[in-house]
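Trainee: Those protein sequences? They're chains A and B, same order as listed.
Take 285 as the starting number for the first sequence in my numbering and just add one per residue.
Take 285 as the starting number for the second sequence in my numbering and just add one per residue.
Positions of the beta carbon are idealized from the N, C-alpha and C atoms, including for glycine.
This one's a predicted model, so the numbers in the text were calculated from it and none came from an experiment.
Protein chains: 2
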Amino acid sequence: MSYVTLEDIARQVHKSVATVSQVLNGKDGNGIRVGKETREKILKVSRELNYRPNYNARQLVTKGTKVIGLLIPDIMQMFFNEVTYHLSRRLSTAGYDLLLAHSYEDPVPEKREIETILSRRVDGIVVAPACGKENIPLFKEISDSGVPLVLMDRYFSGESFYSVTTDDVQGSYELFKHIVSRGAGRIAFISGNPDTSVTMERLEGYRLALEEAGIPYRGDLVIKSGYFQKDGYERAKTLIQSGKIQECDAVSGVNDSVALGILEALWEAGLKVPEDILVSGYGDERFSGYLGCPLTTVRQPASEVADRTYSLLMDVIKGRDVLTKDIKVSCSLRIRESTDGS
Amino acid sequence: MSYVTLEDIARQVHKSVATVSQVLNGKDGNGIRVGKETREKILKVSRELNYRPNYNARQLVTKGTKVIGLLIPDIMQMFFNEVTYHLSRRLSTAGYDLLLAHSYEDPVPEKREIETILSRRVDGIVVAPACGKENIPLFKEISDSGVPLVLMDRYFSGESFYSVTTDDVQGSYELFKHIVSRGAGRIAFISGNPDTSVTMERLEGYRLALEEAGIPYRGDLVIKSGYFQKDGYERAKTLIQSGKIQECDAVSGVNDSVALGILEALWEAGLKVPEDILVSGYGDERFSGYLGCPLTTVRQPASEVADRTYSLLMDVIKGRDVLTKDIKVSCSLRIRESTDGS
DNA sequence: TTGAAAGCGCTAACAC
DNA sequence: GTGTTAGCGCTTTCAA
């Protein structure tokens with residue numbers, strides 16, 4: 285329960301705490317400062333005693349913790365799962381630890397978590413903001429106060445935070461261009477909250493693709509909902525029950541979970557995908573390629589997002605010049621059976 | 285970059301640091317100790333200044349960090365993903381933060397991560413040990429030294445650590461009982477390292493089920509391999525090429541990833557599941573129910589494992605009496621098409 | 001080549 | 001009600 289301290293070692297080797305500290309930090313220019321004998325004795329004793337430096341005490345004087353805070357809505361979402369994995373990997377090779385916190389898509393816990401992360405004096409913070417703008421002032425405050433902050437996956441338009449996001453306008457545009465090319469002109473889009481950058485961008489890609497094809501935008505086919513499987517299921521069911529499904533050549537979900545719900549509802553109603561109707565998602569979840577009817581979707585490059593986030597964060601931490609404050613990485617289309625009759 | 289300190293506040297309100305500390309910790313019995321006016325002034329100023337206590341400084345005197353270290357092989361594995369999610373949730377409601385680290389199934393980074401976690405003076409550690417016994421002495425040392433440690437998902441037989449694991453003997457037994465009941469007597473089992481508790485237990489369930497059915501155990505049908513999709517693929521392919529597949533009624537993977545590889549290989553060879561041969565996995569990955577041929581598998585209750593781990597850890601931390609040092613939670617069979625012709 | 005001393009931000013015991 | 005003091009474990013001048 286009680287750890288060995290520098291003083292314990294110092295006492296054993298009859299040297300001062302300062303000397304022990306020097307040796308154990310390798311800051312003595314490797315033997316220039318401390319005598320070979322004492323250094324070896326110190327090393328030996330510290331090993332025998334299982335000395336483990338107290339990083340908390342250290343931060344008090346060095347001002348650094350070598351900890352990065354990561355705040356995400358939900359690690360069960362494939363994309364965040366992957367990003368966390370890759371970011372953790374990067375960070376640990378660079379000697380950083382990862383403090384992981386969840387916002388559950390809710391600004392209230394988000395704020396609370398940010399506060400405790402700051403109280404731990406992390407060297408930097410990565411956050412994938414929860415939907416909603418409530419915490420923008422907080423993000424501003426902390427980045428103004430000089431704490432390295434990088435937004436990930438989502439951003440706030442009009443604000444100038446460091447951010448790494450996927451180019452969902454491009455991804456979505458390509459997706460819908462493909463669907464249109466399959467002969468589908470009337471495409472229902474079950475989307476999330478249009479306040480969030482995620483929904484906004486995917487909707488924009490939808491709009492662009494239709495416009496380019498000369499297909500009029502029909503507001504009644506764009507259905508606001510949530511981001512979960514049940515949301516897709518319920519909205520699709522409504523579409524079916526109201527008979528509006530007859531007017532649709534395709535139904536798209538704002539993400540793969542929603543698309544999975546859509547598939548369920550369609551199957552339940554005896555509709556065949558892709559024969560009767562096309563379906564698509566977004567995000568390329570782990571299950572998407574293995575569904576009874578493999579799902580056409582857009583792959584967001586999680587590992588690239590993690591890498592870019594890492595580099596950007598390090599640039600900010602080290603005070604290096606940053607060329608682009610908001611980095612966008614592009615997505616790639618995954619065409620599968622759900623939109624591909626052939 | 286520089287944070288507000290108690291002293292900054294003290295100076296502004298013309299009170300001592302001690303008083304400010306009292307107020308901000310709510311340790312003054314709510315006004316008993318500190319005057320109403322001063323308390324309010326302190327609260328106000330601390331808010332204005334965006335005061336955020338330095339938890340590192342605090343730990344130096346209180347000896348507590350309110351941080352729990354979690355060390356897992358790989359968060360991309362569904363089971364660890366879920367456990368992390370639920371554990372994080374539990375911990376944050378209890379006011380703890382989560383320090384997440386990866387071992388990548390390798391004892392070397394595992395040891396390194398343990399060391400830095402300890403140097404951060406966490407209040408407790410949860411680890412799902414990497415395969416291999418190399419770090420048992422380390423685990424012993426830290427738990428002997430009084431640091432609350434709970435092993436999760438995997439344990440070391442013969443050692444007396446606190447642990448929460450799934451009862452894979454039972455899960456596996458039920459799985460193979462089911463397969464035998466489907467008329468399959470000759471079951472190939474593509475397993476991992478029999479040194480690990482995971483493989484050992486699943487193999488034991490296999491053995492038990494066969495024994496019960498009076499089916500002789502055939503060593504040549506138990507194939508040692510790894511834990512990944514490619515391992516299942518390669519071993520199944522060997523089985524096919526050697527013609528031994530003819531002697532098998534079923535092929536089982538030590539987990540779902542391996543089973544997925546098996547399916548691939550079988551399909552590639554033109555074999556039909558479950559008509560020609562049965563297949564099963566273990567772990568109920570997210571994709572397993574949605575495969576072209578939905579996979580029979582065993583569900584490990586991640587959220588229950590997380591809950592039990594949390595409770596056990598808290599018991600250890602608070603020094604409460606613990607009734608069972610090694611908790612086992614039971615698994616449930618998920619019968620799907622891959623073993624169910626009907 | 002080494003040590004003394006100061007100080008990081010905070011809490012807790014005790015005195016006033 | 002409030003302040004003084006000591007000390008947590010460490011790093012970092014500066015002096016010897």
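Give me the subset of the segment 383-405 of chain B whose CB atoms are less than 9 Å from a CB atom of chain A, sorted by chain position.
Mentor: Flagged, chain order: Leu383, Leu384, Ala385, His386, Tyr388, Pro393, Arg396, Glu397, Glu399, Thr400, Ile401, Leu402, Ser403, Arg404 and Arg405.
Trainee: Measure how close the beta-carbons of Leu308/A and Ser330/A come, nearest whole angstrom, since I'm counting them as under 8 Å.
Mentor: 6 Å
Trainee: State buried or exposed for His462/A, treating a residue as buried only when at least 16 other CB atoms are found within 10 Å of its CB.
Mentor: buried
Trainee: Does the distance from the C-beta atom of Pro578/B to that of Ser587/B stay below 9 Å?
Mentor: no
Trainee: Quick one: what's Lys612/B bridged to in DSSP?
Mentor: Thr449/B
Trainee: Three or more C-beta pairs under 8 Å: does that hold for the segment 564-571 of chain A against the segment 505-513 of chain A?
Mentor: no
Trainee: Residues bridged to Ile257/B by DSSP?
Mentor: There is simply no residue 257/B to check, as chain B begins at 285 and stops at 626 in what is shown.
Trainee: Got a sec: which bits of the segment 570-589 of chain B sit with their beta carbon under 9 Å from any beta carbon on chain A, in order along the chain?
Mentor: Within the segment 570-589 of chain B, those residues whose Cβ lies closer than 9 Å to any Cβ of chain A are, in chain order, Arg570, Phe571, Ser572, Gly573, Tyr574, Leu575, Gly576 and Pro578.
Trainee: To the nearest angstrom, report how far apart Pro357/B and Glu495/A are at their CA atoms.
Mentor: For Pro357/B and Glu495/A, the gap between their C-alpha atoms comes out near 48 Å.
Trainee: Could you pull the start and end residues of the beta strand (DSSP E) that Arg583/B belongs to?
Mentor: Start and end: Thr581 to Arg583.
Trainee: What would DSSP say about Asp605/A, mapped onto helix, strand or coil?
Mentor: coil
Trainee: Going residue by residue through the segment 520-590 of chain B, where are the continuous alpha helix (DSSP H) segments of at least 4 residues, counting only ones entirely within it?
Mentor: Within the segment 520-590 of chain B, the complete alpha helix (DSSP H) runs of at least 4 residues are 540-552.
Trainee: Does Ser372/A get closer than 9 Å to chain B when you measure Cβ to Cβ?
Mentor: At a cut-off of 9 Å, the C-beta of Ser372/A has a neighbouring C-beta in chain B.
Trainee: Per the DSSP calculation, Arg618/A is bridged to which residue(s)?
Mentor: Thr581/A
Trainee: Is Ile474/A near Phe460/A, with beta carbons less than 9 Å apart?
Mentor: no
Trainee: Run through the segment 319-381 of chain A for me and flag every whole alpha helix (DSSP H) of 4 or more residues, listed as ranges in chain order.
Mentor: 320-332, 339-346 and 362-377
Trainee: Counting beta carbon pairs with one atom in the segment 366-378 of chain B and one in the segment 384-395 of chain A, are three or more of them shorter than 8 Å?
Mentor: yes
Trainee: Closer than 9 Å, Cβ to any Cβ of chain B: which residues of the segment 465-483 of chain A, in chain order?
Mentor: Taking 9 Å as the Cβ-Cβ cut-off against chain B, none of the residues of the segment 465-483 of chain A qualify.
Trainee: Output, in chain order, the set of chain B residues within a Cβ distance shorter than 7 Å of Ser427/A.
Mentor: Ordered by position in chain B, no residue passes the 7 Å Cβ test against Ser427/A, which lies about 11 Å from the chain.
Trainee: Taking Cβ positions only, does Gln343/A come closer than 9 Å to chain B?
Mentor: yes
Trainee: Any C-beta of chain A sitting closer than 9 Å to the C-beta of Leu550/B?
Mentor: Output row for Leu550/B: interface = no.
Trainee: Going by other Cβ atoms of all chains shown within 10 Å of its Cβ, with 16 needed for buried, is Val392/B buried or exposed?
Mentor: Counting Cβ neighbours within 10 Å, Val392/B comes out exposed, since fewer than 16 surround it.
Trainee: Please look up how many angstroms separate the CB atoms of Val630/B and Asp515/B, rounded, as I've assumed it's under 8 Å.
Mentor: Limits of chain B in this structure are 285 at one end and 626 at the other, which puts residue 630/B out of reach.
Trainee: On the three-state DSSP scale, how would you describe Ile499/A?
Mentor: Coil.
Trainee: What distance in whole Å lies between the Cβ atoms of Gly408/B and Ile601/B, which are believed to be in contact at a cut-off of 8 Å?
Mentor: 5 Å
Trainee: Who are the neighbours of Arg336/A on chain B, taking C-beta pairs under 8 Å?
Mentor: Glu399, Leu402 and Ser403
Trainee: With burial defined as no fewer than 16 other Cβ atoms inside 10 Å of the residue's Cβ, what is the status of Gln525/A: buried or exposed?
Mentor: That one is exposed.
Trainee: Would you mind sorting Ser465/B into buried or exposed? The rule is 16 or more other CB atoms within 10 Å of its CB.
Mentor: exposed
Trainee: How far does the alpha helix (DSSP H) with Val297/B in it reach, from first residue to last?
Mentor: Leu290 to Val297
Trainee: Counting only Cβ-Cβ distances shorter than 8 Å, please list the residues of the segment 407-440 of chain B near chain A, keeping chain order.
Mentor: Glu425, Ser429, Gly430 and Val431
Trainee: Quick one: list the residues of chain A neighbouring Glu366/B, beta-carbon separation under 8 Å, in chain order.
Mentor: Met360
Trainee: Say whether the segment 340-354 of chain A touches the segment 398-417 of chain A, bearing in mind that this needs 3 or more beta-carbon pairs closer than 8 Å, one atom from each stretch.
Mentor: yes
Trainee: Note down the Cα distance separating Gly576/B from Ala549/A, rounded to an integer number of angstroms.
Mentor: Whole-angstrom Cα-Cα distance: 18 Å.
Trainee: From the DSSP output, read off the bridge partner residues of Val434/B.
Mentor: Val410/B and Tyr446/B
Trainee: Give the DSSP bridge partners of Ala385/A, in chain order.
Mentor: Leu355/A
Trainee: Against chain B, with Cβ distances strictly below 9 Å, would Ser595/A count as a contact?
Mentor: no
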